[in-house]
Each structure stands twice: as C-alpha cells, then as structure tokens.
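K.L.:
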Amino acid sequence: MKTDSKTLAEILKLHAQYVKEVEFSGIKPLSMEIYKTNSHNFVRWIQDEFHPGKKLRKEALS
Numbered sequence: 001m002k003t004d005s006k007t008l009a010e011i012l013k014l015h016a017q018y019v020k021e022v023e024f025s026g027i028k029p030l031s032m033e034i035y036k037t038n039s040h041n042f043v044r045w046i047q048d049e050f051h052p053g054k055k056l057r058k059e060a061l062s
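For the sequence shown, counting from 1, position 12 maps to 12 in full-length UniProt numbering; every step adds exactly one.
#1: Can you give me the Cβ contacts of Gln47 inside the same chain, cut-off strictly under 6 Å, excluding the 5 residues immediately before and after it?
#2: Distance, Cα to Cα, Glu10 vs Thr3?
#3: Please name the residue, chosen from His51, Arg44 and Tyr18, that lies closest to Tyr35 on a Cα-to-Cα basis.
#4: Judging by CA-CA distance, which residue of Leu12, Lys20 and Lys54 is the nearest neighbour of Met32?
#5: In the DSSP assignment, find the alpha helix (DSSP H) that holds Glu33 and state where it starts and stops.
#6: Check the Cβ-Cβ distances between Val43 and every residue of chain C, and say whether any is below 8 Å.
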C-alpha cells in the first residue's frame, strides 16, 4: 500500500463522495463511467491492487 490505513480510510470516504457527485452531476453516462472508472483505478493503485499498463504488458508477451 502506498499510504497508511488512516489516510486510506479518508481517501475511500472522499472517493465515495466524489462518485456521488459524479452520479448527480448530469454528465453523459459514458463520461460518468470514465470519471468513476479512472478514480476507482487510482484508489486501487494506492492499495497496490492496480498497475497501469500491466494487462497490456501481459498481452504483449503472449
């Protein structure tokens, strides 16, 4: 994990608020999904659960 558990808890709380704001923002559905997916991946990256480009590197090796 890239941070301590107290900071992560705050990040998760703020991310949930962010997602709610995105959902009620009135933006188009595809834009909404992009905002939510990218922010979710950032939180996963903080937790060492996501590595940008990892899937692409695996496919390139195959």
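Every residue, glycine too, gets a C-beta built ideally from N, C-alpha and C.
P.N.:
So, to answer that:
#1: Once the five neighbours on either side are set aside, the close Cβ partners of Gln47 are Met1.
#2: Whole-angstrom Cα-Cα distance: 11 Å.
#3: Among His51, Arg44 and Tyr18, the Cα nearest to that of Tyr35 belongs to Tyr18.
#4: Cα-wise, what sits closest to Met32 is Lys20.
#5: DSSP places Glu33 in the uninterrupted alpha helix (DSSP H) bounded by Pro29 to Ile46.
#6: Any reference to chain C falls outside this structure, which holds one protein chain only.
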